[in-house]
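*Asks:*
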Amino acid sequence: MTKKVSYKRHLAKTITWRLVGTLDTILLSWAITGNPFTGLKIGLAEVVTKMLLYYFHERIWLNAGIDDSRKRHIIKTLTWRALGTLDTITLSWIISGDPFTGLKIGFAEVITKMMLYYFHERTWYKINYGLDKRNRAKKWRRTS
């Protein structure tokens with residue numbers, strides 16, 4: 033069975049996750065560096081890199097072949113967090129000029145972002161936006 037998923041769904045998920053993720057990055061970076069401007073620089077720099085990475089992560093997972101939603105969401109959470117953490121560490125290091133600041137911010141995000149991402153995935157799993165009618169009807173029958 034092929035899945036008919038709109039590019040609009042992946043784009044919407046990309047945007048909503050980036051809003052949540054950017055706010056988390058800004059607040060954590062500010063708390064760790066003590067400088068709100070450093071937090072803003074790191075958070076805003078991530079907007080572009082993370083949106084691109086997230087979009088392609090979504091496209092790859094579309095054909096992953098894991099049907100169990102909880103297992104799928106946990107594995108997606110772990111793969112996304114690994115990719116996201118490497119990006120955060122790199123950008124934080126470049127912007128702050130300190131590799132240890134990059135590591136602190138990156139590893140602090142591991143905990144907060146994994147929780148936030150899991151709930152983001154669970155929320156989007158319940159939303160039918162961008163799914164074809166067949167998938168919506170099938171999902172509706174399962175939850176009724």
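Under the numbering used here, the very last position in the sequence shown is 176; numbers go up by exactly one each time. For every residue, glycine included, the Cβ atom is placed at its ideal position computed from N, Cα and C.
Please confirm whether G134 and S124 have their CB atoms less than 8 Å apart.
*Replies:* Contact flag set, yes.
*Asks:* E90: which of I47, L148, D164 sits nearest, CA to CA?
*Replies:* Comparing Cα-Cα distances from E90 to each of I47, L148, D164, the minimum goes to I47.
*Asks:* Could you give the residue range of the alpha helix (DSSP H) that holds D119?
*Replies:* D119 -> alpha helix (DSSP H) spans 101-128.
*Asks:* So, with DSSP's three-state summary, where would you put A77?
*Replies:* Here A77 sits in helix by DSSP.
*Asks:* Among H105, L43, D119, which one has its Cα closest to the Cα of L148?
*Replies:* Of the listed residues, the one whose Cα sits closest to L148 is H105.
*Asks:* Decide if T70 is buried, meaning its Cβ has at least 16 other Cβ atoms within 10 Å, or exposed.
*Replies:* It is buried - the Cβ of T70 has at least 16 other Cβ atoms within 10 Å.
*Asks:* In its own chain, which residues sit with a C-beta less than 7 Å from the C-beta of K82, not counting the 5 before and 5 after it?
*Replies:* The answer, listed in chain order, is R50, G53, G116, D119.
*Asks:* Answer with buried or exposed for S101, where buried requires no fewer than 16 other C-beta atoms within 10 angstroms of its C-beta.
*Replies:* S101 should be labelled exposed.
*Asks:* Once the 5 residues before and after I74 are set aside, which same chain residues still bring their CB inside 8 Å of it?
*Replies:* Excluding residues within five positions, the ones whose Cβ falls inside 8 Å are T57, I58, S61, T120, L123, S124, I127, S128, I137.
*Asks:* To which residues of the same chain is K145 closer than 7 Å at the C-beta, ignoring the five residues directly before and after it?
*Replies:* The residues are G53, D56, R113, G116.
*Asks:* Specify, as a first and last residue, the run of the alpha helix (DSSP H) that K136 falls within.
*Replies:* Run containing K136: 131-157, per the alpha helix (DSSP H) assignment.
*Asks:* Under 7 Å Cβ to Cβ from A140, same chain only, skipping five residues before and after it: list those, please.
*Replies:* Same-chain partners within the cutoff: L60, I64.
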